[in-house]
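Asks: Before anything else, here's the structure in question.
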Amino acid sequence: MDKDYQSLKIDRSEITPKSLYLSRRDFMRSAALAAGAVALAACAPGAAKSIDGSTAPTDPSNAYMDELGNPANSFQQTTNYNNYYEFTTNPQGVARLAANFPTSPWDVNVYGLVNNPKTFTVDELNQLFTPEERIYRMRCVEGWSLVIPWLGFPLSKLLEAVEPTSEATHVRFETVFAPDEMPGLKNLSYPWPYQEGLRLDEANNDLTILATGMYGGELPAQNGGGIRLVVPWKYGFKSAKALVKIELVDYQPDTLWNAIAPNEYGFYSNVNPNVDHPRWSQATERRIGDTDRRLTLMFNGYEDQVGYLYEGMDLKENY
Ligand SMILES: Nc1nc2c(c(=O)[nH]1)N[C@H]1C(S)=C(S)[C@@H](COP(=O)(O)O)O[C@H]1N2
Ligand SMILES: [Mo]
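The numbers in the working numbering rise by one with no breaks, and the one at position 309 of the sequence shown is 324.
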């Protein structure tokens, strides 16, 4: 993966007088919020309602905010800057190439070391496990980030339904392989299909969700529709899109990025500002829409919820 090359072009904070870039940043922020309000109105009329049924304030800057007070990125930003190598390695080219990719109906097969293997449709999953809103930070290993309001349900609920056997230790995720619709799959330098994995206790953590929607509406193809994994304390590539297989196994699964560059992309890939990528620092990141960079948080800001999973582990060795 390449480092956030956009920020190299756009991040002029070092050479622009501070007063100038601050006002430009403020301008870009309000422009982004305005665009977000338009997207909300156009694609998700019911989106202003929160989980508890209360109506969000009409001020678009309060429509979506994470628990740290970060406003969510606009729908426009989230759907036009994507990593999705099955389509293209250009993050600004995915939206166009994925425009006609069919995301519904969608099947996902849950099998392996379970008592109740089953192929579910996404409609079925949405009926069984009522999706809830989760506003999460998404931190790409390349050094950019987004704040995205997902609709999804804890993976633990699905695992509970299929009943992992006592032998199961890990979960393996596999993404759709559709070369007729995904031009990036013709690039044979990647070991397709895209695969990911989690330890079973990571998979069962309440933060780990399967997302079937975002911004109160459907999940666009470029963001992983019909259904995708979201693991917010890990680098973005762990959050595999367009899942077709979820397999319970008794070994640490291979992952696509680990297979390509094992010294750069470990199995854990927890967001960690103290462990640099071999080719760049992970101490800071650029939120899409911002000009300047911000500090990257340990476990992407979710340490209280997930720190227990890694107690006693050397996080430099287990990168
Ligand atoms: N199937 C699949 N899933 C994927 C990827 C991919 O190339 N293919 N890219 C990953 C990376 S590197 C990131 S940063 C996130 C980006 O998710 P987003 O486009 O919804 O923000 O998706 C992840 N999931
Ligand atoms: Mo990424």
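Idealized CB from N, CA, C, for every residue including glycine.
Where does Y301 land, buried or exposed, given buried means 16+ other C-beta within 10 angstroms?
Replies: The question names Tyr, yet the displayed sequence has Arg at residue 301. R301 should be labelled buried.
Asks: For K249, name the three-state secondary structure that DSSP assigns.
Replies: Residue state, collapsed to three classes: strand.
Asks: Thinking C-beta only, is T223 closer than 7 Å to L170?
Replies: A contact, by the Cβ cut-off of 7 Å.
Asks: Using DSSP with H/G/I as helix, E/B as strand and the rest coil, what is R308?
Replies: R308: coil per DSSP, three-state reduction.
Asks: Quick check on the DSSP output: the alpha helix (DSSP H) that includes I242 runs from which residue to which?
Replies: Note, I242: premise wrong, no alpha helix (DSSP H); not H, not E.
Asks: Beta carbon of T190: closer than 6 Å to some heavy atom of ligand 1?
Replies: Because some heavy atom of ligand 1 lies under 6 Å away, the Cβ of T190 counts as near it: yes.
Asks: So which of Q142, L324, R308, T306 has the shortest CA-CA distance to F314?
Replies: The residue with the shortest Cα to Cα distance from F314 is L324.
Asks: Using C-beta distances below 7 Å, list every residue in its chain close to L128, excluding the 5 sequence neighbours before and after it, in chain order.
Replies: Around L128: P179, T180, E182, A183, L263, V264, D265.
Asks: Per DSSP, what are the beta-bridge partners of M229 in this structure?
Replies: Partner(s): W165, G232.
Asks: Whose C-alpha, out of D221, A255, D269, T104, is nearest the C-alpha of M395?
Replies: Residue 395 is absent from the model: the chain starts at 16 and stops at 334.
Asks: Report the three-state DSSP secondary structure of S171 (helix, strand or coil).
Replies: Three-state DSSP puts S171 in a helix.
Asks: Pick out whichever of L271, N333, Y250 has its Cα sitting closest to the Cα of Q210.
Replies: The shortest Cα separation from Q210 among L271, N333, Y250 belongs to L271.
Asks: For the beta strand (DSSP E) that D122 lies in, which residues bound it at each end?
Replies: From DSSP, the beta strand (DSSP E) with D122 extends over 122 to 127.
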